[in-house]
Each structure stands twice: as C-alpha cells, then as structure tokens.
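FYI, the numbering for the sequence shown is 6 to 79, going by the working numbering.
Ideal placement from N, C-alpha and C gives every residue a C-beta, glycine not left out.
All of these numbers come straight from a predicted model, not from anything done at the bench.
Below you'll find the structure, written out as structure tokens, and then a few comments.
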Amino acid sequence: MEFGNDPGCAGWRPRQSFDVCNPDSSELGGDKFDLADLGLSQARYVRIRDLSKDGVAPSAGFDLDAVGILNSSP
C-alpha cells in the first residue's frame, strides 16, 4: 500500500513538533479536515469508528492519539 493512500483510513501523518503558544494549523501536522469541504459550518460531535472487524493481530483495532480543534466556540 502506498504511504498515506488508504481510503479506509482517516490519517497517516504524525505531528512532529508542537508549540502550544503558536497553534498555526500549518505547524500542527497530522491530517487536516475542514467542515466547509462538506458544506457544513459547525459540528457538535466527532464520531470515530474502528473499521477493523475483530480487533486481532496484525490489525488490532484503531489507535487514536489525539483530536485537535481549531476555531472552536462555546
């Protein structure tokens, strides 16, 4: 499989460094997703689904390290 090209995967690129005082989206790393690409202006929830069927090796389930949100409001 080509690196970063799996239609069943939400993202491949890790964050290499982070400065909490400068949360510039181009510096955050990972895979960005914009609600505007879907014609949405807001979301209340984020659903994360594991697409594996049984969770056994070598694909023992989804491994999520973090979710980041930019431009949020109460």
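Keeping to the same chain, check which residues put their C-beta closer than 8 Å to that of Glu7; ignore five residues upstream and five downstream. By 1-based counting over the sequence shown, the position of residue 7 is 2. Annotation note: pLDDT 48 at Glu7 (below 50); position unreliable, coordinate value reported separately. None.
Quick one: grab the DSSP three-state call for Asp42. Translated into positions along the sequence shown, residue 42 becomes position 37. Helix at Asp42.
Within the same chain, show all residues whose beta-carbon is closer than 8 Å to that of Leu40, passing over the 5 residues directly before and after it, in chain order. Position 35 of the sequence shown, counted from the start, is the residue given in the question as residue 40. Result list for Leu40: Ser46, Gln47, Ala48, in chain order.
Taking the C-alpha atoms as reference points, what is the distance between Leu43 and Asn76? Start at 1 with the first residue of the sequence shown, and residue 43 comes out as number 38. Start at 1 with the first residue of the sequence shown, and residue 76 comes out as number 71. Straight-line Cα distance between these residues: approximately 17 Å.
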